[in-house]
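*Asks:*
4 protein chains.
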Amino acid sequence: MNDTPTLSRAERNRLQLRADIIQTAFEEFSAKGYHQTAISDIAKRLGIGHGTFYRHFENKRDILEHVINDVSAKIINALSAENAPTAVATLEGYREQTARIAKSLTAIFAENPGVARLILFEATSIDEEMTQRLLNLLDWGGRLTASYMENGVKLGFFRADLDTEATGHAVIGMILMSVVRFLNTPDDREAQKKFGDAIQRLLVDGVARR
Amino acid sequence: MNDTPTLSRAERNRLQLRADIIQTAFEEFSAKGYHQTAISDIAKRLGIGHGTFYRHFENKRDILEHVINDVSAKIINALSAENAPTAVATLEGYREQTARIAKSLTAIFAENPGVARLILFEATSIDEEMTQRLLNLLDWGGRLTASYMENGVKLGFFRADLDTEATGHAVIGMILMSVVRFLNTPDDREAQKKFGDAIQRLLVDGVARR
Amino acid sequence: MNDTPTLSRAERNRLQLRADIIQTAFEEFSAKGYHQTAISDIAKRLGIGHGTFYRHFENKRDILEHVINDVSAKIINALSAENAPTAVATLEGYREQTARIAKSLTAIFAENPGVARLILFEATSIDEEMTQRLLNLLDWGGRLTASYMENGVKLGFFRADLDTEATGHAVIGMILMSVVRFLNTPDDREAQKKFGDAIQRLLVDGVARR
Amino acid sequence: MNDTPTLSRAERNRLQLRADIIQTAFEEFSAKGYHQTAISDIAKRLGIGHGTFYRHFENKRDILEHVINDVSAKIINALSAENAPTAVATLEGYREQTARIAKSLTAIFAENPGVARLILFEATSIDEEMTQRLLNLLDWGGRLTASYMENGVKLGFFRADLDTEATGHAVIGMILMSVVRFLNTPDDREAQKKFGDAIQRLLVDGVARR
DNA sequence: GATGAATGAGGTTTCATTCAT
DNA sequence: AATGAATGAAACCTCATTCAT
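Chains as they are written, first to last, in full-length UniProt numbering: chain A, 1 to 210; chain B, 1 to 210; chain C, 1 to 210; chain D, 1 to 210.
1. Measuring CA to CA, which of C:ALA160, C:THR24, C:GLU165 and C:MET149 is closest to D:ARG209?
2. Going by beta carbon distance, what residues of the same chain come within less than 7 angstroms of A:ASP41, once the five residues before and after it are set aside?
3. Tell me which same chain residues have a C-beta within less than 6 angstroms of the C-beta of C:ARG95, skipping the five on either side of it?
4. Can you give me the Cβ contacts of D:ALA116 inside the same chain, cut-off strictly under 8 angstroms, excluding the 5 residues immediately before and after it?
5. Taking the C-alpha atoms as reference points, what is the distance between A:ASN59 and B:GLU92?
6. Which same chain residues, not among the five before or five after A:LEU46, have their C-beta less than 7 angstroms away from its C-beta?
7. Note down, in chain order, all residues in the region 180 to 201 of chain A with a beta-carbon under 9 angstroms from any beta-carbon belonging to chain B.
8. Beta-carbon of D:PHE109 versus every beta-carbon of chain C: anything under 8 angstroms?
9. With a CB to CB cut of under 8 angstroms and the five nearest residues on each side skipped, what residues in its chain are close to B:HIS35?
10. If the criterion is Cβ atoms closer than 8 angstroms, does the pair B:VAL204 and A:GLY206 meet it?
11. Are there 16 or more other CB atoms within 10 angstroms of the CB of A:GLY51, so buried, or fewer, so exposed?
12. Could you tell me if B:ASP188 is buried or exposed, where buried requires 16 or more neighbouring beta carbons within 10 angstroms of its beta carbon?
13. By Cβ distance below 7 angstroms, which residues in the same chain neighbour B:ARG14 in space, the five residues on each side in sequence not counted?
14. At a CB-CB cut-off below 8 angstroms, which residues of chain A make contact with B:SER125?
15. Helix, strand or coil for D:TYR54? Go by DSSP, reduced to three states.
16. Got a sec, what are the start and stop residues for the alpha helix (DSSP H) A:SER40 sits in?
17. Kindly indicate which residue of B:HIS56, B:MET174 and B:ALA38 has the alpha-carbon position closest to the one of B:GLN16.
18. In three-state DSSP terms, what is D:GLY141?
19. Report the option in A:GLN200, A:ARG201 and A:GLY33 whose CA atom is closest to the CA atom of A:GLY114.
20. Closer than 8 angstroms, CB to CB, is C:HIS169 near chain D or not?
21. Who are the near neighbours of C:GLN192 in its chain, counting only those whose CB is closer than 8 angstroms to its CB and skipping five residues on each side?
22. Would the beta-carbon of B:ALA170 be found less than 7 angstroms away from any heavy atom of the ligand ZN?
23. Taking a Cβ distance cut-off of 9 angstroms, strictly less, list which residues of the region 137 to 162 of chain D are near chain C, in chain order.
24. Let me know the secondary structure DSSP gives C:PHE182 once reduced to three states.
25. Can you list, in chain order, the residues of its chain whose CB lies under 7 angstroms from that of A:GLY168, leaving out five sequence neighbours each side?
26. Please list, in chain order, the chain A residues whose beta carbon lies closer than 8 angstroms to that of B:LEU176.
27. If we count the other Cβ atoms within 10 Å of its Cβ and call it buried at 16 or more, is D:ARG12 buried or exposed?
28. Measure the alpha-carbon distance for A:LEU176 versus B:ARG18 and round it to whole angstroms.
29. Which residues in the same chain have their Cβ closer than 8 angstroms to the Cβ of A:GLN97, if we skip the five residues on either side of it in sequence?
30. Less than 8 angstroms between the beta carbons of A:LEU118 and A:PHE195, yes or no?
31. Taking a Cβ distance cut-off of 9 angstroms, strictly less, list which residues of the UniProt domain "HTH tetR-type" (15 to 75) of chain A are near chain B, in chain order.
32. How far does the alpha helix (DSSP H) with A:HIS66 in it reach, from first residue to last?
33. Between A:GLU122, A:GLU165 and A:TRP140, which has its C-alpha nearest A:ILE75's C-alpha?
34. Grab the span of the alpha helix (DSSP H) containing C:SER104 for me, first residue to last.
35. Give the interface partners of A:ARG209 over in chain B, defined as CB-CB distance under 7 angstroms, in chain order.
36. Please say whether C:GLU128 and C:SER30 have beta carbons closer to each other than 8 angstroms?
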């Protein structure tokens, strides 16, 4: 009945504070940027002493690591949770799946612009390892998309000579551009829809007159 | 017979040093990142006193501005120099133009990975204004691409209902993904070509089986 | 039984250090001058890291402000504490009062030459605001003296047509000259006494033969 | 017929520039303060290279030395030129002399507030030697005043037991206070006159009712 | 003789991290 | 376990002075 029966109150508090620190750090980093955020800023906002921070995280780089992990996990979960590439068998199912994925992404990026800002704008300015993390995430997204397309090819939705890997990554590129483009105008749903439609149309028909 | 007849030797030295500082700053910023680079690092690499730096540039932000301007100008020039959107009238000409542009971009990004690293990875972590500069550049690229497509629609190469603006930006997204993807493997020309071909094919035909 | 019951030990230490910094800054500023004193000089003399300084004061200007406030307060207290202008009713009382005030001033300036050096020699070289602070202090002194004289006029000790305001300020001028004159010979009590007597005599009788 | 017959044109130019530098340095120092004035500020205002400065003066301290000397000389000249202490023999002459001296001082201080600002506000914040220079000047003024009074005693204008030395210095103190008081309101002639009259009256009659 | 480019000592300030309480 | 005072490395920037041209 109780999933965490062995956690003492102190332990629960501790975990809660840890989560709070990560959340606040995420907000500060994505709002002001990693370099412009001081540990004491985070502590102040939480109403804790900034020494306390170091009881939960090694150093400033460490908290960024956790924040990025958290955010990455959210994205990965959203995209892979119930959306196995092989889970659909009909064209209609494929379309629904695509719509569902697009909705998940929207939920993450549009509803929380900080996620994009942090991942895309900040992560790359820390160090090589962090940059690699982003590149890996992008690569993962590209490969995931590619596997969906692979499925589409197998099922005959897509042309047989489709370079699924490259195209998968290209799709991620278009999605990212959409994310970046509407960072500052998250409420312009119409423009976002137009952009989404254009991508969809490009995928299906290309640009050439037929 | 003399291209720079009015420049004294001192003046030439001055301009040369200025250019050297910008070049070195560019290298340091793109290699280690803006925040990880100290003015004294730049000076040391040039073998000048760090006070000398401040005779040529107001402050650290100022040199970044110049570096970014320099790099932006290179990109803008490469893409707009001889490639007026209306300059082609046949499908063949359009293809050649596309190839030419792709080559220019390759020359800039592939041959000099620092350019991408600086513009894409560093610029966004400085401040709002710098981020906006990048967004503006992306926007400019998207609109330029869109205008090429507009021409294609007019000339009947492309379908009449093409959302040129959104598609133009989407293309920039794919190009950027290509740039980012091959940052660490600039010599894998084959993979790059495959990616380029996939984009080209996607544009022309889409992914759907016909 | 306990004068400071609510002050924790940490708080007391903090206040003590703050006071120590002000004191040391005062000594350095008055000995070497504000511009010739580095924050690190103050920290070094206190045996603290110079970063510690910035935990207690905003910046260099801030500590000067506190030092000047401290010193000003000492002067103002010494002169106004128990010496209300209207407190005396007889000529004898007036003389005693004058002697008491002179003694207070002596205690401050003669026993601690730094006070004069800082207020008179340094304050004016910082900025307009600091200069104004000194001028205000002088003005306050002049008006205080004037109010004593006003009382003397009312009680009939002084001539009815006395320009109390101007004369009050003139008296401050003479006192300051005394302070400045004996800065370097604080032990020559005799000369100081002669100077004080001359002022006193000048006030009472003027210089003219009668 | 020609006082400086041997000066070549170059030599005259040189001397002129020297004088210009001193004048400009004076203006900058008295307006912004010694520490807030850069050598390059002075050079810029004169339209010369700042390296040129060092052909005429050893260093920054040196130019201050010359500026102070210049200003001191002006004051000394104004006060001692035609005003020998023994030059008057009647009370009326003494009064005229006093008025003449007061006028000279007014000409210097009131018409050129920078002189006072530099001598009184800046000189003391440089170093011990410069402070001593001001003290010496004050001392000289006090002794000069004292010698005038000595003469007055001899001639019987002043009471025989007058402490001329102390009183002379006290008078300088009152004059300085007048100078300082009206630095910011140089146009309030009426208040200045009132102050001058009060000093005069204090000297002649003291404050006591008779 | 004039110039101004170059220099680097010197100063201020920030902030990640440590550690005694 | 939490705190926040203390630390000092590290960064930015200024400007008096030198010196090659």
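Yeah, the Cβ is synthetic: ideal placement off N, Cα and C, and Gly gets one too. Because the structure is a prediction, the values reported are computed rather than measured.
*Replies:* Looking at the atomic coordinates:
1. For D:ARG209, the nearest C-alpha among the options comes from C:ALA160.
2. If we look at A:ASP41 and ignore the five residues flanking it on each side, its Cβ neighbours are GLU28.
3. So no residue of the chain qualifies.
4. So the qualifying residues of the chain are PHE109, VAL179, VAL180 and LEU183.
5. Those two C-alpha atoms are separated by around 58 angstroms.
6. Here the set comprises ASP20, ILE21 and THR24.
7. Per Cβ criterion, the list reads VAL180, ARG181, LEU183, ASN184, ALA191, LYS194, PHE195, GLY196, ASP197, ALA198, ILE199 and ARG201.
8. With 8 angstroms as the cut-off, D:PHE109 does not count as an interface residue toward chain C.
9. Taking B:HIS35 as the centre and dropping the five residues before and after it, the same chain places the C-beta of SER125 closer than 8 angstroms to its C-beta, in chain order.
10. Yes. Within cutoff.
11. Looking at its Cβ environment, which holds fewer than 16 other Cβ atoms inside 10 Å, A:GLY51 is exposed.
12. Exposed: under 16 other Cβ atoms inside 10 Å.
13. Excluding positions up to five away in sequence, the list is empty.
14. One finds GLY33, TYR34, HIS35, PHE121, GLU122, THR124 and SER125 in chain A with Cβ atoms closer than 8 angstroms to the Cβ of B:SER125, taken in chain order.
15. Annotated three-state conformation of D:TYR54 is helix, per DSSP.
16. Unbroken alpha helix (DSSP H) run through A:SER40: 39 to 46.
17. B:GLN16 has its Cα closest to that of B:HIS56, out of B:HIS56, B:MET174 and B:ALA38.
18. In the three-state reduction of the DSSP assignment, D:GLY141 falls in the helix class.
19. Looking from the CA of A:GLY114, the closest CA among A:GLN200, A:ARG201 and A:GLY33 belongs to A:GLY33.
20. Look at C:HIS169: its C-beta is under 8 angstroms from a C-beta on chain D.
21. Closer than 8 angstroms at Cβ, skipping near neighbours: THR106, ALA110, SER178 and PHE182.
22. Ligands in the displayed structure: none, and consequently the ligand ZN is not present.
23. Residues of the region 137 to 162 of chain D with a C-beta atom less than 9 angstroms from some C-beta of chain C are LEU138, ASP139, GLY142, MET149, GLY152, VAL153, GLY156, PHE157, PHE158, ARG159, ALA160, ASP161 and LEU162, listed in chain order.
24. C:PHE182 sits in coil when the DSSP states are folded into three classes, being neither helix nor strand.
25. Correct list, in chain order: GLY142, ARG143, THR145, ALA146 and MET149.
26. Neighbourhood of B:LEU176 in chain A, by CB distance below 8 angstroms: GLY173, LEU176 and MET177, in chain order.
27. By the 10 Å Cβ count, D:ARG12 comes out exposed.
28. If I take the Cα positions, the gap works out to 37 angstroms.
29. Cβ within range, chain order: ASN83, ALA87, VAL88 and TYR148.
30. The Cβ-Cβ distance between A:LEU118 and A:PHE195 does not fall below 8 angstroms.
31. Cβ contacts with chain B come from GLY33, TYR34, HIS35 and GLN36.
32. Looking at the DSSP string, the run of the alpha helix (DSSP H) that includes A:HIS66 is 60 to 80.
33. Checking every option, the nearest Cα to that of A:ILE75 belongs to A:TRP140.
34. Per DSSP, C:SER104 belongs to the alpha helix (DSSP H) from 91 to 109.
35. The contacting residues are GLY156, PHE157, PHE158 and ARG159.
36. A distance of 8 angstroms or more separates the beta carbons of C:SER30 and C:GLU128.
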